[in-house]
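**Q**
There are 2 protein chains.
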Amino acid sequence: MASSTTTSGQMHRVTDGSVHTPLGFKATGLHAKVKRKRKDLGVIVCDVPASAAAVYTLNQIQAAPLDVTRESIAEGGTLRAVIVNSGQANAVMGKVGVADAYEMRDKTAKTFGLDPRDVAVSSTGTIGERVQMEKILPGIEALQPEATAASSNAFAESILTTDTCTKETCYATEIDGKTIHIGGVAKGSGMIHPNMATMLSFVTTDAAIAPEHLQQALSEITDRTYNRITIDGDTSTNDMVLTLASGKAENKPLHPGHPDWAHFIQTLECVCEAQSKQIARDGEGATKLVEVNVKGAPTAEDAGKISKQIVGSDLLKTAVFGTDGNWGRIICAIGYSGVTIDPETIDIAIGPHLTLSQSEPVDFSEEAVTAHLEQDEVFIEVDLHIGDSSGKAWGCDLTYDYVRINAGYRT
Amino acid sequence: MASSTTTSGQMHRVTDGSVHTPLGFKATGLHAKVKRKRKDLGVIVCDVPASAAAVYTLNQIQAAPLDVTRESIAEGGTLRAVIVNSGQANAVMGKVGVADAYEMRDKTAKTFGLDPRDVAVSSTGTIGERVQMEKILPGIEALQPEATAASSNAFAESILTTDTCTKETCYATEIDGKTIHIGGVAKGSGMIHPNMATMLSFVTTDAAIAPEHLQQALSEITDRTYNRITIDGDTSTNDMVLTLASGKAENKPLHPGHPDWAHFIQTLECVCEAQSKQIARDGEGATKLVEVNVKGAPTAEDAGKISKQIVGSDLLKTAVFGTDGNWGRIICAIGYSGVTIDPETIDIAIGPHLTLSQSEPVDFSEEAVTAHLEQDEVFIEVDLHIGDSSGKAWGCDLTYDYVRINAGYRT
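These protein sequence lines are chains F and W, in that order.
Position 373 of the first sequence, counting from 1, maps to 373 under the UniProt record's numbering, and the rest follow consecutively.
Position 305 of the second sequence, counting from 1, maps to 305 under the UniProt record's numbering, and the rest follow consecutively.
1) Can you tell me whether glycine 17/F is buried or exposed, with buried defined as 16 or more other CB within 10 angstroms of its CB?
2) Residues of the segment 89 to 109 of chain F with a CB closer than 8 angstroms to any CB of chain W: list them in chain order, please.
3) Hey, out of Thr57/W, Leu58/W, Val84/W and Ser51/W, whose CA is closest to alanine 74/W's CA?
4) Out of curiosity, what's the CA-to-CA distance linking glycine 139/F and tyrosine 402/F?
5) For chain F, is any of its Cβ atoms less than 7 angstroms away from the one on tyrosine 56/W?
6) What in chain W is Cβ-close to tryptophan 327/F, meaning under 7 angstroms?
7) Just mark glutamate 168/F as buried or exposed, buried being the case when its beta carbon has 16 or more other beta carbons within 10 Å.
8) Which residues share a DSSP beta bridge with serine 357/W?
9) What residue range does the beta strand (DSSP E) around glutamate 168/W cover?
10) Among the residues of its own chain, which have a CB less than 7 angstroms from the CB of valine 320/F, if the five just before and after it don't count?
11) Inspect the beta-carbon positions of glycine 24/W and lysine 248/W and report whether they are closer than 7 angstroms.
12) Anything in the segment 356 to 376 of chain W with a Cβ closer than 9 angstroms to a Cβ of chain F? List those residues in chain order, please.
13) Assuming alanine 27/F contacts glycine 42/F under a Cβ cut-off of 8 angstroms, what Cβ separation, rounded to an integer in Å, is found between them?
14) Have a look at Gly76/F, Gly97/F and Val48/F and flag the residue whose alpha-carbon is nearest the alpha-carbon of aspartate 67/F.
15) What does a CB cutoff of less than 7 angstroms around isoleucine 127/W pick up in its chain, not counting 5 residues either side in sequence?
16) Can you grab the Cα-Cα spacing for the pair threonine 370/F / glutamine 10/W, in whole Å?
17) Consider the Cβ of tyrosine 400/F: report whether some Cβ of chain W lies at a distance smaller than 7 angstroms.
18) Let me know the secondary structure DSSP gives glutamine 10/F once reduced to three states.
19) So what does glutamate 240/F bridge to, in DSSP terms?
20) Mind checking which residues open and close the beta strand (DSSP E) that includes phenylalanine 25/W?
21) With a threshold of 7 angstroms between beta carbons, is leucine 289/W in contact with chain F?
22) Would you kindly report the start and end of the unbroken alpha helix (DSSP H) that includes glycine 304/F?
23) Does any CB atom of chain W fall closer than 7 angstroms to the CB of asparagine 227/F?
24) Using three-state DSSP, classify valine 294/W as helix, strand or coil.
25) Okay, do the segment 376 to 396 of chain F and the segment 324 to 342 of chain F touch, 3+ Cβ pairs below 8 angstroms being the bar?
26) Using a C-beta cutoff of 7 angstroms, does proline 343/W count as contacting chain F?
27) Among Glu269/F, Gly312/F and Gly87/F, whose alpha-carbon lies nearest the alpha-carbon of arginine 36/F?
28) Would you mind sorting valine 311/W into buried or exposed? The rule is 16 or more other CB atoms within 10 Å of its CB.
29) Of all Cβ atoms in chain W, is any one closer than 7 angstroms to the Cβ of methionine 196/F?
30) Against chain W, with Cβ distances strictly below 7 angstroms, would tyrosine 336/F count as a contact?
31) Report the rounded CA-to-CA distance for arginine 13/W versus alanine 101/W, giving the unit in angstroms.
32) By the 10 Å Cβ neighbour count, where 16 or more other Cβ atoms means buried, how is alanine 274/W classified, buried or exposed?
33) What's the gap between the Cα of serine 152/W and the Cα of serine 390/F?
34) For serine 219/F, which residues from the same chain have a beta carbon less than 7 angstroms from its beta carbon, with the 5 sequence-adjacent residues on both sides left out?
35) Excluding sequence positions up to five away, which residues of its chain have a Cβ less than 8 angstroms from the Cβ of asparagine 293/W?
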């Protein structure tokens with residue numbers, strides 16, 4: 001397990017922590033030779049039946065593994081393993097795709113001595129290509145999961161597609177005087193406009209919590225984290241966030257009436273937000289993370305909707321890439337977000353620099369705004385002055401590399 | 001007037017026709033020196049009070065000229081002139097922007113001997129920059145409109161921003177045995193995702209029609225034409241389609257009970273669709289026009305919504321740029337369009353080549369699909385097999401040049 005310096009009751013980040021850090025979990029990934037060089041097959045396993053919760057893409061076209069995973073979770077609400085391949089999405093493959101997803105599940109169950117209903121299946125990659133079962137099945141047999149940072153990192157590598165880096169996080173805190181850990185691994189990059197999902201994220205914890213309460217926590221947090229990132233406005237067919245809780249921290253089971261429930265939610269949200277920001281920062285072709293914070297909105301939902309509309313605007317994204325403090329594109333996006341606003345009361349700041357006050361242009365320093373936009377984290381803050389709620393969203397810039405990557409991804 | 005070879009009752013395109021072709025209209029454009037070299041100020045005038053109809057952007061942030069135009073049309077439903085500047089959008093400029101728009105209207109009225117309420121005002125360009133009145137006002141005085149193809153073309157040039165070409169169309173037909181003409185000039189390029197509008201389009205006709213019936217026709221047609229194009233998903237603050245009818249063709253006034261009403265609608269739609277396709281083809285950085293036709297939908301509205309979702313997908317647009325027959329991105333967009341579909345009954349063709357049949361991949365020739373995608377007009381056809389309605393949408397590819405243009409547009 002990674003080093004950790006717990007302060008009682010205080011949430012803190014665990015250095016080198018990942019999905020193996022919570023007690024009971026092992027992971028690994030390997031190169032099954034579907035991709036030319038990079039790892040393409042990974043697994044997370046749990047020593048005990050783990051409470052499971054998941055959220056799935058809202059795209060009506062859903063890849064076969066999502067149905068198989070739903071079926072596994074429906075059986076008792078627990079899981080022991082999740083198998084993931086990258087390269088082929090196993091989406092829109094008709095009956096053969098469903099059969100392949102079941103075969104991946106069966107092979108994983110047999111390899112690790114589990115019931116098929118203990119196994120979730122997840123795929124990411126090109127839509128409409130068949131999973132290369134002749135490579136994946138022997139690959140599953142060769143997987144040897146461990147509880148080390150290196151093996152979690154191998155898993156994190158194995159689920160990447162056009163991502164340029166692995167995405168891992170771990171936080172620890174105390175619940176009932178017991179230390180609990182929450183670790184996460186994610187992939188993102190393209191076709192990212194969760195509604196929900198459009199990416200994969202796997203979160204493990206050793207907290208004790210029943211499946212229904214874990215689902216409640218995950219659903220609530222997803223709306224404020226994974227559902228607030230956008231790379232390109234495309235909602236994928238394959239994406240899911242899967243959370244597994246081993247209970248090995250031996251806290252009293254968490255539920256909404258537990259005195260530490262809010263604290264647990266806060267810690268889980270911290271992991272999910274960190275994952276979301278890592279996905280946004282590594283958007284296809286991205287050079288910058290963009291965070292938009294909308295304040296003064298009638299509801300948190302409205303604030304989130306406007307934040308996401310701004311961060312998803314191609315014109316804003318190209319302006320950020322070009323370090324152009326073009327606030328006109330920000331107010332334009334506010335105006336077409338679908339939320340009723342007052343056109344006369346809007347403030348817009350880029351970094352610490354106010355550019356619009358009460359909907360009137362402010363005489364600001366272009367140089368100072370450009371300097372902020374040259375940073376690798378860009379902050380945009382909007383105050384609507386029509387309410388007390390706020391909400392954030394995350395995205396990235398739109399660059400030549402986004403076009404290059406997607407003009408040539410498949411061929 | 002341009003040459004025309006009318007076949008009785010038959011609609012046909014008028015070679016070199018434009019907004020000056022319908023009887024009663026003159027136009028021109030000039031270089032008021034706001035832009036470095038290109039024309040930046042234009043006017044259309046009518047000899048008589050013309051029935052006027054307009055549709056405006058649905059963005060809640062609306063530029064000052066839109067309110068001024070609304071006010072002019074509200075006074076009696078007729079107009080005699082529209083003045084247009086390009087370079088500054090006169091949007092989000094507070095009180096000074098409103099005053100500038102009124103001053104442009106007053107100056108135009110005075111120059112052409114009209115009442116201010118006879119004049120519409122339109123602006124396009126950068127949001128949050130003040131119109132350079134010291135150049136625009138003398139420019140208005142210098143405008144000398146004529147009824148020639150050259151002067152209409154000067155107007156068409158004067159309203160462009162990042163457009164690479166002028167957009168003009170004219171159709172003629174017979175109504176009550178009288179020849180009527182409908183001419184149009186448009187600009188588009190960026191911030192184009194009409195809902196309505198997000199571009200400028202000016203349509204003139206010499207047909208006789210009352211303002212309320214012209215408005216009815218325009219609103220109906222806009223939903224199937226201008227509202228079906230998308231360049232980048234951004235809905236602008238400035239856009240409008242303005243239609244003026246001089247009545248000089250001397251047909252019996254058109255209305256929904258007129259025997260030629262459907263024929264008039266068809267002719268007007270022809271002009272509006274031609275304008276829309278020209279805007280889509282000249283999207284910022286675009287190299288190709290993409291037309292998506294969705295069939296077998298429950299309603300025409302559903303078909304249009306799905307068509308527009310497909311044509312607006314950044315991933316599809318980059319695939320078209322890269323001539324990659326990636327139908328997975330098409331079905332993905334179908335799945336998140338918000339319209340309820342049957343995931344098992346979808347056909348997708350790229351050009352004449354079927355790639356997906358009843359939601360199962362078809363073994364197609366990649367070379368043949370790539371060859372179609374190399375054309376400068378790309379056709380995508382979807383059959384949902386769940387109804388009898390169809391609808392089209394138009395867009396363009398997403399290229400390196402879109403990023404280049406928008407990363408550097410303002411600075």
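Idealized CB from N, CA, C, for every residue including glycine.
All values derive from a computational prediction rather than experimental measurement.
**A** Let me spell this out:
1) Label assigned to glycine 17/F: buried.
2) Answer set for the segment 89 to 109 of chain F: Ala89, Ala91, Val92, Met93 and Gly94.
3) It is Ser51/W whose Cα lies nearest to the Cα of alanine 74/W.
4) The straight-line gap from Cα to Cα measures roughly 32 angstroms.
5) Chain F contact via Cβ: absent.
6) Close partners of tryptophan 327/F in chain W (Cβ separation under 7 angstroms): Gly128.
7) Classification of glutamate 168/F: buried, given that the 10 Å Cβ count is 16 or more.
8) The partner list for serine 357/W (beta bridge, DSSP) reads Glu360/W.
9) It spans 167 to 175 - the beta strand (DSSP E) in which glutamate 168/W sits, taken as one unbroken run.
10) So the qualifying residues of the chain are Lys288, Val290, Leu373, Val378 and Asp397.
11) For glycine 24/W and lysine 248/W, yes; Cβs fall inside 7 angstroms.
12) Within the segment 356 to 376 of chain W, the qualifying residues are Leu356, Gln358, Ser359, Glu360, Pro361, Glu366 and Thr370.
13) A Cβ-Cβ distance of about 7 angstroms is found for the pair alanine 27/F and glycine 42/F, placing them in contact under the 8 angstroms criterion.
14) Closest option to aspartate 67/F, Cα to Cα, is Gly97/F.
15) Excluding sequence neighbours, isoleucine 127/W sits near Ala89, Ala91, Val92 and Thr237.
16) The C-alpha of threonine 370/F lies about 57 angstroms from the C-alpha of glutamine 10/W.
17) By this cut-off, tyrosine 400/F is an interface position.
18) Reduced to three states, the DSSP call for glutamine 10/F is strand.
19) First, the residue type needs correcting, since residue 240/F is methionine and not glutamate in the sequence shown. In the DSSP assignment, the residues bridged to methionine 240/F are Tyr56/F and Leu200/F.
20) First-last of the beta strand (DSSP E) with phenylalanine 25/W: 25 to 30.
21) No, its Cβ sits nowhere closer than 7 angstroms to a Cβ of chain F.
22) Run containing glycine 304/F: 300 to 311, per the alpha helix (DSSP H) assignment.
23) No - not a single Cβ of chain W is within 7 angstroms of the one on asparagine 227/F.
24) The three-state secondary structure of valine 294/W, taken from DSSP, is strand.
25) The segment 376 to 396 of chain F vs the segment 324 to 342 of chain F: in contact.
26) At least one chain F Cβ lies under 7 angstroms of proline 343/W.
27) Of the candidates Glu269/F, Gly312/F and Gly87/F, the one whose C-alpha sits nearest the C-alpha of arginine 36/F is Gly87/F.
28) So valine 311/W counts as buried.
29) Low confidence applies here, because methionine 196/F scores a pLDDT of 36, under 50, leaving its location unreliable and the question unanswered by this model.
30) Closer than 7 angstroms to some Cβ of chain W, the Cβ of tyrosine 336/F qualifies, so yes.
31) CA-to-CA, the gap between arginine 13/W and alanine 101/W works out to about 35 angstroms.
32) Classification for alanine 274/W: buried.
33) Within the model, the alpha-carbon separation for serine 152/W versus serine 390/F is close to 50 angstroms.
34) Closer than 7 angstroms at Cβ, skipping near neighbours: Val55.
35) Counting only Cβ-Cβ distances below 8 angstroms, and skipping sequence neighbours, we find Ser307, Phe379, Ile380, Glu381, Val382, Ser390, Gly391 and Lys392.
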